[in-house]
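This report concerns only the one structure given below.
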Amino acid sequence: MSGTLNNSSLKTGRSFDLGKMNLRQLWVAYLTYPTILLYFALVIASAALAAYFFAGWWPTLVSLVAVVIVYPVVWYLLHRYVLHGRILYKMKWTAALWKRIHFDHHQDPHLLDVLFGAPVTTLPTIGAVTIPIGYLIGGIGAAATAFGTGVAITCIYEFFHCIQHLNYKPRSSWIQRMKARHVLHHFHDEDGNFGITSFVVDRIFGSYYLDAKARPRSPTVFNLGYDVKEAQQYPWVMDLTGAPPRDRPDGARPTENRKAA
Numbered sequence: 001m002s003g004t005l006n007n008s009s010l011k012t013g014r015s016f017d018l019g020k021m022n023l024r025q026l027w028v029a030y031l032t033y034p035t036i037l038l039y040f041a042l043v044i045a046s047a048a049l050a051a052y053f054f055a056g057w058w059p060t061l062v063s064l065v066a067v068v069i070v071y072p073v074v075w076y077l078l079h080r081y082v083l084h085g086r087i088l089y090k091m092k093w094t095a096a097l098w099k100r101i102h103f104d105h106h107q108d109p110h111l112l113d114v115l116f117g118a119p120v121t122t123l124p125t126i127g128a129v130t131i132p133i134g135y136l137i138g139g140i141g142a143a144a145t146a147f148g149t150g151v152a153i154t155c156i157y158e159f160f161h162c163i164q165h166l167n168y169k170p171r172s173s174w175i176q177r178m179k180a181r182h183v184l185h186h187f188h189d190e191d192g193n194f195g196i197t198s199f200v201v202d203r204i205f206g207s208y209y210l211d212a213k214a215r216p217r218s219p220t221v222f223n224l225g226y227d228v229k230e231a232q233q234y235p236w237v238m239d240l241t242g243a244p245p246r247d248r249p250d251g252a253r254p255t256e257n258r259k260a261a
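Each residue of the sequence shown is one higher than the one before, counting from 1 in full-length UniProt numbering.
Put into structure tokens, the structure is as follows:
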């Protein structure tokens with residue numbers, strides 16, 4: 001459990017509960033969270049490396065723009081077809097990975113510690129996507145620029161992802177819309193609105209939906225298809241959890257029901 005905020009009322013017993021935090025508390029948690037601090041350090045190191053092996057302004061700019069364009073597409077494809085796929089939990093050696101990187105988040109979307117991706121999985125993925133792009137454009141310097149851009153975008157994604165699960169109504173209308181679309185993904189139908197800060201790719205691939213009236217509520221919105229029947233056949237995630245999959249997260253239950261559970 002992280003010790004970022006010394007306030008037991010913000011904790012579920014396992015992690016920080018974004019459903020009980022305000023914006024100021026989120027900023028404190030975010031700016032002192034070890035994973036985010038690591039990302040900040042890597043962005044600075046990447047900038048230093050890009051300056052040392054400077055590829056020129058044009059390759060540097062092209063690398064940066066290329067990553068900004070490619071990143072949301074790659075995120076969409078991974079989110080939709082890997083994180084929401086059913087292959088990883090069906091194999092014993094990848095079950096723990098799937099549980100950590102996405103199942104736990106959908107089981108309880110308000111938990112900060114499982115909302116942030118683990119660096120051991122995020123950084124290799126960012127590197128595999130961005131470094132070849134930059135290197136092909138301008139060698140080592142541009143590769144460093146591309147990687148640093150990818151990590152910086154991840155920081156932005158992580159913050160806005162927190163906002164989307166925070167007990168807070170954004171003042172900005174576009175953030176309100178962004179939050180509303182993501183809430184639908186978690187509490188209405190998980191097979192849509194896969195974006196975080198933008199849903200352009202969702203629109204292109206036909207997975208965008210505007211509101212709850214657009215489609216019926218999914219019975220697998222909280223368990224991603226890993227229900228009790230699936231858990232009996234593929235028990236590894238359930239064994240790690242120590243309990244059968246839930247059809248709704250703790251954060252969605254009324255306080256009195258949570259106490260009684």
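Don't be surprised by glycine CBs; every beta carbon is placed ideally from N, CA and C.
Look at the beta carbons and you see the region 148–156 not touching the region 174–188: under three pairs across the two are nearer than 8 Å. Residue state for residue 53 is assigned as coil, using DSSP reduced to three classes.
Judged by pairs of C-beta atoms under 8 Å, the region 115–132 touches the region 35–54, as three or more such pairs exist.
Each of 31, 100 and 21 was checked against the Cα of residue 158, and the nearest Cα belongs to 31. Ranked by Cα distance from residue 79, the first of 59, 61, 102 and 53 is 102. According to the DSSP assignment, residue 219 belongs to no alpha helix (DSSP H), since it is labelled neither H nor E. Ranked by how close their Cα comes to the Cα of residue 81, the residues 191, 233, 241 and 210 have 191 in first place. Residue 238: member of the alpha helix (DSSP H) spanning 236–241, first to last residue. Contact between the region 126–143 and the region 45–57 is present: three or more C-beta pairs spanning the two stretches fall below 8 Å. Minimum Cα-Cα distance from residue 156 among the listed residues 223, 72 and 93 corresponds to 72.
As far as DSSP is concerned, residue 26 takes part in no beta bridge. Distance from the CA of residue 21 to the CA of residue 59, rounded to the nearest whole angstrom, comes to 42 Å. Rounded to whole angstroms, residue 201 and residue 195 show a C-alpha spacing of 7 Å. Burial state of residue 98 is buried, judged by a 10 Å Cβ sphere holding 16 or more other Cβ atoms.
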